[in-house]
DNA sequence: TAGTGAGAGGTTTTT
DNA sequence: CCTCTCACTA
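Residue numbers (our numbering): 492 to 1160.
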């Protein structure tokens, strides 16, 4: 780890800075850091010190007496954002921790709560996740009687996907349908109707989904000049990281934010664009200079992360991209180890190899948390996880099903949600269906009764339900909620009481409740941190805790854990040694993208992102896999082919070392 | 109207 | 494989 000396006695009058910018940065980085006014685009290759440039720029601004809270750092993913904010806070001195920033979504949330009335929302609107959105769609679809129509009507998830894509691309449903879902073309009018109702519903219930956060912020800025000016005046220096992952909506927001000063720096890498499935468009980068005349463009090409042999391979990977990129990375980090390529007989062997190799690396002094296993889809690691558990190798897994999306967690959160915003029908529905004897029909009537009283909880125990056998449990629910809502307990304590109330319902609801019980304890532990209910609820959706799914706890002294991560979640991070698994056609690239040229391009960029995470060691693993029964049309006799991204590489054998597994002859098999 | 069980169909990645 | 849907029973 590099150590920075903080020189406390400097004299700014003489143009001296606490940090030796010129000495610690290369000329391109220095140029980007010290040019503080006007629009700027930094095209930064993988490992070229992109984040470093950003945070040095923060320090430089602060040293130039810019108020830290007027500096805004934005990015798309939480991971990247946390890393960026953490490193920024550690620069220079405590002033740097006052910098504003976060993900686009969390920033939007923050601003929208302030200006909620302008867009006809209460400041306690709830934010709903994808699952909740789909539930709302489902209700609407049933209400409109569209589920019984013809058999081929798209399911709720698909409908939500269509609507969301239209929003994120600033397109419309007709166009999305035409380009991505031609087989549902005939359902266009119905889907448009659902989308319209969906919007009304959310407003009526005072909830926003992920997309709304961006849309309403864009609208707020676009339609209110005064507010736009005020916000733009507040954030005088804007920096956006991973700009290639932003979509049109986010680019518009960024432009509005900069309207008063044009002090906006965006950083990105066109060859690492991997979020087009949600409307991200790397052309945002390309078009930036046109949208901001006078943009200073800097390209960072020196890689400070990987050894030369690794970089030679990653350059060869991206060489096959259809679009030719303007930069070639080089590295001065010596290294003799070429990346290692290994075909294994099956998935189990892949897991055994990794487990064994990981332990060896640790023997050699590489801490577990400096080693990562990366994969295309979360379930690719399932078998590996079993192997790691067997061998007691502690690990954390990122990506895949999230803690906050588990049904029992959502149950608890729903109680909190209705206390915070009683118009939240989806949360009510969830709660009421837990009570025995209440199904969708009565649940709807009970909710209506609550809404009639403008959200008064008393609506729960309306005389209408007095004769029903579930009345007693309704009373109990009412008592619990009313008492908690009035009480002065902290959000964490309230949540704990809810968990107590929930226990019996929980045991009836889930056969496997014992497996889930631990999660409830974790949730309570997480909840005590919060002083505000609103913050707790928002963070559960926007920055949900991602640990907790881990079963193998690190023992004793070594707290370090091996990292398992989807490639998407690994973006922007780096490890000493990286294992890339499931490099098999149909898995990576995924069979879903195989007949779409553009998607193949994105998969290749994803492969590139994965390989460029490695500093010293890179292992490429290609097991023989059985084609999933539902998967791609597998040719031949059930033998899978190594990923096309490997076979297409020029001189692959020269760039890598191939290993072959030798099975120990004492092995009973 | 709630709860259950069989069958079908879709299966990535993030906020 | 897991979730959603629909039809059936109580």
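Quick reminder that beta carbons are idealized off the backbone N, C-alpha and C, glycines included.
Residue span of the beta strand (DSSP E) that contains residue i, given as start and end
| i | result |
| --- | --- |
| residue 832 | 831–835 |
| residue 759 | 755–759 |
| residue 771 | Unbroken run through residue 771: none, as it is neither H nor E. |
| residue 783 | From DSSP, residue 783 is part of no beta strand (DSSP E); its letter is neither H nor E. |
Residues that DSSP places opposite residue i in a beta bridge
| i | result |
| --- | --- |
| residue 453 | Given that the chain is displayed from residue 492 to residue 1160, the structure contains no residue 453 and the question cannot be resolved. |
| residue 1177 | Not covered by the structure: residue 1177. The range shown for the chain is 492 to 1160. |
| residue 1133 | 1075 |
| residue 660 | Partner(s): none; residue 660 has no beta bridge. |
| residue 887 | 1054 |
| residue 593 | 565 |
| residue 1066 | 1105 |
| residue 730 | 564, 756 |
| residue 699 | 618 |
| residue 1154 | Paired residues: none, contrary to the question. |
| residue 532 | 757, 788 |
| residue 644 | According to DSSP, which records beta bridges pairwise, residue 644 is partnered with nothing at all. |
| residue 521 | Residue 521 pairs with nothing; no bridge assigned. |
| residue 822 | 794 |
| residue 478 | In the structure displayed, the chain extends from 492 to 1160; residue 478 sits before or after that span and is not available. |
Whether residue i touches residue j by CB criterion (8 Å)
| i | j | result |
| --- | --- | --- |
| residue 1105 | residue 1066 | yes |
| residue 1161 | residue 983 | The structure shown does not extend to residue 1161, since the chain is modelled only from 492 through 1160, so no value can be given for it. |
| residue 629 | residue 618 | no |
| residue 863 | residue 1056 | yes |
| residue 708 | residue 603 | yes |
| residue 937 | residue 956 | yes |
| residue 508 | residue 524 | no |
| residue 592 | residue 564 | yes |
| residue 566 | residue 731 | yes |
| residue 1152 | residue 835 | yes |
| residue 644 | residue 678 | yes |
| residue 609 | residue 586 | no |
| residue 910 | residue 972 | yes |
| residue 534 | residue 739 | no |
| residue 1068 | residue 794 | no |
| residue 734 | residue 758 | yes |
| residue 762 | residue 736 | no |
| residue 712 | residue 744 | yes |
| residue 1035 | residue 861 | no |
| residue 1113 | residue 1138 | no |
| residue 627 | residue 692 | yes |
| residue 986 | residue 926 | no |
Whole-number beta carbon distance between residue j and residue i, since they are thought to touch under 8 Å
| i | j | result |
| --- | --- | --- |
| residue 770 | residue 799 | Not confirmed; about 37 Å, so no contact. |
| residue 888 | residue 898 | Not a contact, Cβ separation roughly 19 Å. |
| residue 1110 | residue 1146 | With 8 Å as the limit, residue 1110 and residue 1146 do not qualify as a contact, their Cβ atoms being about 14 Å apart. |
| residue 791 | residue 536 | 6 Å |
| residue 846 | residue 878 | 5 Å |
| residue 1022 | residue 981 | 7 Å |
| residue 688 | residue 631 | 5 Å |
Residue i - containing alpha helix (DSSP H), residue span
| i | result |
| --- | --- |
| residue 740 | 739–748 |
| residue 865 | Premise fails: residue 865 lies in the beta strand (DSSP E), 862–866, not in any alpha helix (DSSP H). |
| residue 909 | 898–911 |
| residue 806 | 799–810 |
| residue 724 | 716–725 |
| residue 613 | Premise fails: residue 613 is in no alpha helix (DSSP H) and is neither H nor E. |
| residue 881 | 873–881 |
| residue 512 | 512–515 |
| residue 544 | 541–554 |
| residue 751 | It is not in any alpha helix (DSSP H) - residue 751 carries neither H nor E in the DSSP assignment. |
| residue 813 | Run containing residue 813: none; DSSP gives neither H nor E here. |
| residue 919 | 916–923 |
| residue 1009 | 1004–1018 |
| residue 1026 | 1024–1033 |
Practice item. For the stretch 927–1000, list the alpha helix (DSSP H) runs that are entirely contained and at least 4 residues long, ordered along the chain. Key: 931–943, 962–977, 982–1000
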